[in-house]
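Numbering (UniProt numbering), first residue to last: 1 to 497.
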């Protein structure tokens, strides 16, 4: 019930537990205690022996249904916990299916469901004894309570701002009681309790290896990012051909230019006329309001047509592929260009060696802005939707015939008639609109992470075997971010961490 808290409000949980669950538990345990005080021989099967014969079968049916409800609660709670771990970067990427269009939190994870089924059957077939299963279950429950008490103490100190002495008394009081039960549960480790320890150790190792490898990869990107002086030395043309269109360069870096950009230019000296360095961040809060979702800034002076966008999601936010992301991004950039003309402190022209200051672009403001005129029709959503190339048009037709479901709402942008608009702002907005009409391409890094030769054996095992295995068998970032494959450009790189 508590593990499934994320799917209900805290108020409903308090009411249900205080007025229904807790009184029933107290009465049930009091009844069992009164029965066992006079029937010590019934301790091995105290629950069913304490039930009167007249209501034995109704209680048996209710107990069976309760076990089904409890198992379903464990499954849904596991889905919710794995999704939050995935958002925080502590678990390999898995497929998350949202089963409801209206209710948040109703999800299904096929891989986790299969793992739970295999583990359940393995334990049932391997033990074939409810006593051994009960020992494993008891150790898991007492360990969970013991850890939860410690985490509650941290919440009291850092979140509720309670007195440290009061929180320490709370911790010692409940730890003393739970420690007695936990010590008795540890005596059952040889009789089935070892299963809980093994499973916990395996999942802990998976989480540690994934978080360790992900952190090492991020640190490599952070220390090998391209300095902006290198871009400024190339001039506005970047020393290469600027082709029509918008290039969305995905990176985990919130500042600087990722190494995949220079690697891409080294192999293909052509790039889009408008560049957007896109960073999708999962922040350690449940939800991020739409008004604080987008952070837009400029990289290099205005003639470079290079921007940075940080999209922030909470670990409970749903990242849906609703077809509006590209259009909302373009509107946000246009709003930033307009804001920059009014607020010069957002510009990076005074400090060209650094990124420009970023501004929060509210979704509400974007929808009500008069910077661009929006018109809608229906068509292809991919980057070749408006290309004038005969080859790409034929490819578009063939792709549409094979994938008729991808035809969605299409948005066109136009500049409003505003004689007082700054000519430089108007020219930049026109370039942005033309680039959007030419198409959008997604550039992502396809990385291979390897440990350095001088690394220790444990690090090589964790990176070359553990982390590499997890990356090859989990979902790719392009799938997680709902990037259309026909518009995706992957840049291969080797990371020696």
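All C-beta atoms in this analysis are idealised placements derived from N, C-alpha and C, irrespective of residue type, glycine included.
**Message:** For residue 499, which residues in the same chain have their Cβ closer than 6 Å to its Cβ, ignoring the five residues on either side in sequence?
**Reply:** Past the edges of the chain, shown from 1 to 497, lies residue 499, and the structure says nothing about it.
**Asked** Is residue 301 helix, strand or coil by DSSP?
**Response** Here residue 301 refers to the residue found at position 301 of the chain shown. DSSP places residue 301 in coil when its eight states are reduced to three.
**Beta-carbon proximity of residue 422 to residue 341, cut-off 9 Å** = Taking the chain shown and counting its residues from 1, one reaches residue 422 at position 422. Taking the chain shown and counting its residues from 1, one reaches residue 341 at position 341. Cβ distance < 9 Å, so residue 422 and residue 341 count as in contact.
**Request:** Sort out for me which residues DSSP pairs residue 278 with in a bridge.
**Result:** Counted from its first residue, the chain shown places residue 278 at position 278. Partner(s): 250, 309.
**Residue environment, residue 485, which counts as buried when at least 16 other CB atoms sit within 10 Å** = Sequence index remark: in the chain shown, residue 485 carries index 485 (1-based). With fewer than 16 other Cβ atoms within 10 Å, it is exposed.
**Prompt:** What's the gap between the Cα of residue 185 and the Cα of residue 174?
**Reply:** Counting from one through the chain shown, the residue named residue 185 turns up at place 185. Counting from one through the chain shown, the residue named residue 174 turns up at place 174. In a straight line, the C-alpha of residue 185 is about 16 Å away from that of residue 174.
**Asked** For residue 451, does the three-state DSSP call read helix, strand or coil?
**Response** For the purposes of this step, residue 451 is taken as the residue at position 451 of the chain shown. In this structure, residue 451 counts as coil in the three-state DSSP scheme.
**Asked** Quick one, which of 481, 318, 180 has its alpha-carbon nearest residue 290's?
**Response** In the chain shown, counting from the first residue as 1, residue 290 sits at position 290. Nearest C-alpha to residue 290: 318.
**Message:** For the pair the region 78–98 and the region 474–494, tell me if three or more CB-CB distances fall below 8 Å.
**Reply:** Output reads yes: the region 474–494 touches the region 78–98.
**Request:** Whole angstroms is fine: what's the gap from residue 426's alpha carbon to residue 251's?
**Result:** Stepping through the chain shown from its first residue, residue 426 is reached at position 426. Stepping through the chain shown from its first residue, residue 251 is reached at position 251. Using only the alpha carbons, I get a separation of about 29 Å.
**Request:** Compare the Cα-Cα distances from residue 452 to each of 497, 443, 432 and report the closest residue.
**Result:** Taking the chain shown and counting its residues from 1, the one referred to as residue 452 is at position 452. Nearest C-alpha to residue 452: 497.
**Message:** Closest to residue 294 by C-alpha separation, out of 274, 271, 303, 325, would be which residue?
**Reply:** Position 294 of the chain shown, counting from 1, holds the residue named residue 294. With distances taken between Cα atoms, residue 294 lies closest to 325.
**Asked** DSSP three-state call for residue 467: helix, strand or coil?
**Response** For the purposes of this step, residue 467 is taken as the residue at position 467 of the chain shown. In the structure shown, residue 467 sits in a helix (DSSP, three-state: H, G or I).
**Message:** Rounded to the nearest angstrom, what separates residue 338 and residue 435 at their Cα positions?
**Reply:** If you number the chain shown from 1, residue 338 lands on position 338. If you number the chain shown from 1, residue 435 lands on position 435. Residue 338 and residue 435 have their C-alpha atoms roughly 18 Å apart.
**Message:** Between 282, 55, 122, 261, which has its C-alpha nearest residue 272's C-alpha?
**Reply:** Along the chain shown, one-based indexing puts residue 272 at 272. For the options 282, 55, 122, 261, the alpha carbon positioned closest to that of residue 272 is the one of 261.
**Prompt:** If we count the other Cβ atoms within 10 Å of its Cβ and call it buried at 16 or more, is residue 582 buried or exposed?
**Reply:** Because the chain is modelled from 1 through 497, residue 582 falls outside the range shown and cannot be assessed.
**Item:** Alpha carbon of residue 161 to alpha carbon of residue 21, nearest angstrom
**Value:** Counting from one through the chain shown, the residue named residue 161 turns up at place 161. Counting from one through the chain shown, the residue named residue 21 turns up at place 21. Spanning the alpha carbons of residue 161 and residue 21 requires a straight line of approximately 30 Å.
**Item:** Contact under 9 Å by Cβ, residue 359 with residue 297
**Value:** Indexing the chain shown from 1 puts residue 359 at position 359. Indexing the chain shown from 1 puts residue 297 at position 297. It is a contact, given that the beta carbons lie within the stated cut-off.
**Under 9 Å between C-beta atoms of residue 241 and residue 269** = Against the chain shown, residue 241 aligns to sequence position 241. Against the chain shown, residue 269 aligns to sequence position 269. Going by C-beta atoms, residue 241 is nearer than 9 Å to residue 269.
**Item:** residue 147 classed as buried or exposed, judged by whether at least 16 other C-beta atoms fall within 10 angstroms
**Value:** Start at 1 with the first residue of the chain shown, and residue 147 comes out as number 147. Exposed, by the Cβ-count rule.
**Residues near residue 224 in its chain [Cβ-Cβ closer than 6 Å; skip 5 each side]** = If you number the chain shown from 1, residue 224 lands on position 224. Same-chain partners within the cutoff: 259.
**Request:** Check each candidate in 32, 56, 73 and name the one with the smallest Cα separation from residue 106.
**Result:** Stepping through the chain shown from its first residue, residue 106 is reached at position 106. Taking only the C-alpha atoms, the option nearest residue 106 is 73.
**Message:** On a Cα-Cα basis, can you pick out the residue from 443, 467, 75 that is closest to residue 490?
**Reply:** The sequence position of residue 490 within the chain shown is 490, counting from 1. For residue 490, the closest C-alpha among the options 443, 467, 75 is that of 443.
**7 Å Cβ shell around residue 492 - same chain, five flanking residues per side excluded** = For the purposes of this step, residue 492 is identified with residue 492 of the chain shown, where counting begins at 1. Contacts found: 446.
**Message:** Residues in the same chain with beta-carbon distance under 6 Å from residue 488, minus the five sequence neighbours each way, listed in chain order, please.
**Reply:** Position 488 of the chain shown holds residue 488. When the five nearest sequence neighbours on each side are left out, the beta carbons in the same chain lying within less than 6 Å of the beta carbon of residue 488 are those of 442, 478, in order along the chain.
**Request:** Please specify which runs of the alpha helix (DSSP H), each continuous and at least 4 residues long, are wholly inside the region 187–245, giving them in chain order.
**Result:** For the region 187–245, the full-length alpha helix (DSSP H) segments reaching 4 residues or more read 194–223, 228–234 along the chain.
**Request:** Just tell me which of 301, 302, 281, 299 has its CA closest to the CA of residue 292.
**Result:** As a first step, residue 292 is located in the chain shown; it is residue number 292 there, counting from the start. Ranking the options by Cα distance to residue 292, first place goes to 281.
**Prompt:** How many whole angstroms separate the CB atoms of residue 50 and residue 32, which I take to be in contact at a CB cut-off of 8 Å?
**Reply:** By one-based count along the chain shown, residue 50 stands at place 50. By one-based count along the chain shown, residue 32 stands at place 32. Indeed, because the Cβ distance is near 5 Å, the residues count as touching under 8 Å.
**Asked** To which residues of the same chain is residue 136 closer than 6 Å at the C-beta, ignoring the five residues directly before and after it?
**Response** Here the question's residue 136 lines up with position 136 in the chain shown. Excluding positions up to five away in sequence, the list reads 192, 193, 195, 196.
**Request:** Helix, strand or coil for residue 421, going by three-state DSSP, please let me know.
**Result:** In the chain shown, residue 421 corresponds to position 421, counting from 1. For residue 421, the secondary structure class from DSSP, reduced to helix, strand or coil, is coil.
**Request:** Using beta-carbon positions only, say whether residue 153 and residue 168 come within less than 9 Å of one another.
**Result:** As a working note, residue 153 is residue 153 in the chain shown. As a working note, residue 168 is residue 168 in the chain shown. It is a contact, given that the beta carbons lie within the stated cut-off.
**Request:** May I ask you to report which of helix, strand or coil DSSP gives residue 289?
**Result:** Taking the first residue of the chain shown as 1, we reach residue 289 at position 289. In the structure shown, residue 289 sits in coil (DSSP, three-state: anything other than H, G, I, E or B).
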